[in-house]
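All remarks here apply to the structure that follows.
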Amino acid sequence: GQQLNQSPQSMFIQEGEDVSMNCTSSSIFNTWLWYKQDPGEGPVLLIALYKAGELTSNGRLTAQFGITRKDSFLNISASIPSDVGIYFCAVARFSSNTGKLIFGQGTTLQVKP
Amino acid sequence: ETGVTQSPTHLIKTRGQQVTLRCSSQSGHNTVSWYQQALGQGPQFIFQYYREEENGRGNFPPRFSGLQFPNYSSELNVNALELDDSALYLCASSLVWTSGSTDTQYFGPGTRLTVL
Chain A
1 GQQLNQSPQS
11 MFIQEGEDVS
21 MNCTSSSIFN
31 TWLWYKQDPG
41 EGPVLLIALY
51 KAGELTSNGR
61 LTAQFGITRK
71 DSFLNISASI
81 PSDVGIYFCA
91 VARFSSNTGK
101 LIFGQGTTLQ
111 VKP
Chain B
1001 ETGVTQSPTH
1011 LIKTRGQQVT
1021 LRCSSQSGHN
1031 TVSWYQQALG
1041 QGPQFIFQYY
1051 REEENGRGNF
1061 PPRFSGLQFP
1071 NYSSELNVNA
1081 LELDDSALYL
1091 CASSLVWTSG
1101 STDTQYFGPG
1111 TRLTVL
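Heads up: the protein sequence lines correspond to chains A and B, in order.
The numbering of the first sequence is this note's numbering, which starts it at 1 and goes up by one.
The numbering of the second sequence is this note's numbering, which starts it at 1001 and goes up by one.
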């Protein structure tokens, strides 16, 4: 069954606004990942987190791996129209980014110019 | 662009038929994982192939099977298609070193399968 809970399910924001989304689990996972999927494309890895408490940035994106290893959040600062898409969190039980990944249901982001 | 390619892009089949989907992994990668993504859902792990053998399987019936070839490319076969098999099928490639340490999974664009 579904093990990851992503929220919010969708967001509609104004260009320039900051965005925050999160992902929680009832189980402990050692690897947390954030992907973005555009229509007609496969998911693209944005940020990978391998250590509890880790805070990692990739341009305007910042993600943190919760200290309990049961949650993570993704922030996007100063959103732009090309940020539109579906954002997925994903987890793996092993301290590596391979094998079985479990994905959340996704957060759909729409940005109004 | 990740360098992972999949074919065909789209496919329409009828219930009961069989289908084969193909994936070419990124250059230098030796592991391929397959995922099923239903409309409005996140991808779900089907199985992974490493060194031409299945290396982990999700909650999918035996009519979902696969192959990995010496050049690391892979096929996903689905027999006795059902309406619920309609989905986007994604493959992801990665590199597993002999030490067991691993690299990032890179996804292809997917194959859209419609079962009528």
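The C-beta atom is built at its ideal place from N, Cα and C for all residues, glycine as well.
None of these values were measured; they are calculated from a predicted model.
Item to check | Under 8 Å between C-beta atoms of residue 1047 (chain B) and residue 1057 (chain B) | outcome: As a first step, residue 1047 (chain B) is located in the second sequence; it is residue number 47 there, counting from the start. As a first step, residue 1057 (chain B) is located in the second sequence; it is residue number 57 there, counting from the start. The answer is yes: Cβ separation under 8 Å.
Checklist entry - What do you reckon, are the CB atoms on residue 1085 (chain B) and residue 1113 (chain B) nearer than 8 Å? => result Residue mapping note: residue 1085 (chain B) aligns to position 85 of the second sequence, counting from 1. Residue mapping note: residue 1113 (chain B) aligns to position 113 of the second sequence, counting from 1. In this structure, residue 1113 (chain B) lies closer than 8 Å to residue 1085 (chain B) by Cβ.
Item to check | DSSP beta-bridge partners of residue 85 (chain A) | outcome: On the first sequence, residue 85 (chain A) is found 85 positions in, with the first residue counted as 1. DSSP lists A:109 as partners of residue 85 (chain A).
Checklist entry - Beta-carbon of residue 105 (chain A) versus every beta-carbon of chain B: anything under 8 Å? => result Position 105 of the first sequence, counting from 1, holds the residue named residue 105 (chain A). Taking Cβ atoms only, chain B reaches closer than 8 Å to residue 105 (chain A), which makes this a yes.
Item to check | Proximal residues of chain A, C-beta to C-beta of residue 1114 (chain B) below 9 Å | outcome: Working through the second sequence from its first residue, we reach residue 1114 (chain B) at position 114. Near residue 1114 (chain B) there are no residues of chain A at all, since even the closest Cβ is about 15 Å away, more than 9 Å.
Checklist entry - Span of the beta strand (DSSP E) holding residue 1004 (chain B)? => result Residue 1004 (chain B) sits at position 4 when you count from the first residue of the second sequence. Here residue 1004 (chain B) belongs to no beta strand (DSSP E), and DSSP marks it neither H nor E.
Checklist entry - How would you list, in chain order, the residues of chain B whose beta-carbon sits under 7 Å from the beta-carbon of residue 41 (chain A)? => result The residue given as residue 41 (chain A) occupies position 41 in the first sequence. Going along chain B in sequence order, the residues near residue 41 (chain A) (Cβ under 7 Å) are 1109.
Next on the checklist: I need the straight-line Cα distance from residue 110 (chain A) to residue 38 (chain A), nearest angstrom please.
Outcome noted: Indexing the first sequence from 1 puts residue 110 (chain A) at position 110. Indexing the first sequence from 1 puts residue 38 (chain A) at position 38. Spanning the two alpha carbons is a distance of roughly 12 Å.
Item to check | residue 1024 (chain B) versus residue 1109 (chain B): straight-line alpha-carbon distance, rounded | outcome: On the second sequence, residue 1024 (chain B) is found 24 positions in, with the first residue counted as 1. On the second sequence, residue 1109 (chain B) is found 109 positions in, with the first residue counted as 1. Roughly 11 Å between the two C-alpha positions.
Checklist entry - If you count every other CB in all the chains shown that lies within 10 Å of the CB of residue 55 (chain A), and 16 or more means buried, which is it? => result Here residue 55 (chain A) refers to the residue found at position 55 of the first sequence. Its Cβ having fewer than 16 others within 10 Å, residue 55 (chain A) is exposed.
Checklist entry - Quick one: what's residue 13 (chain A) bridged to in DSSP? => result Within the first sequence, the letter at position 13 stands for residue 13 (chain A). BP columns for residue 13 (chain A) point to A:111.
Next on the checklist: Out of A:15, A:24 and A:45, which one is the CA nearest neighbour of residue 34 (chain A)?
Outcome noted: Mapped onto the first sequence, residue 34 (chain A) falls at position 34. Minimum Cα distance to residue 34 (chain A) is reached at A:45.
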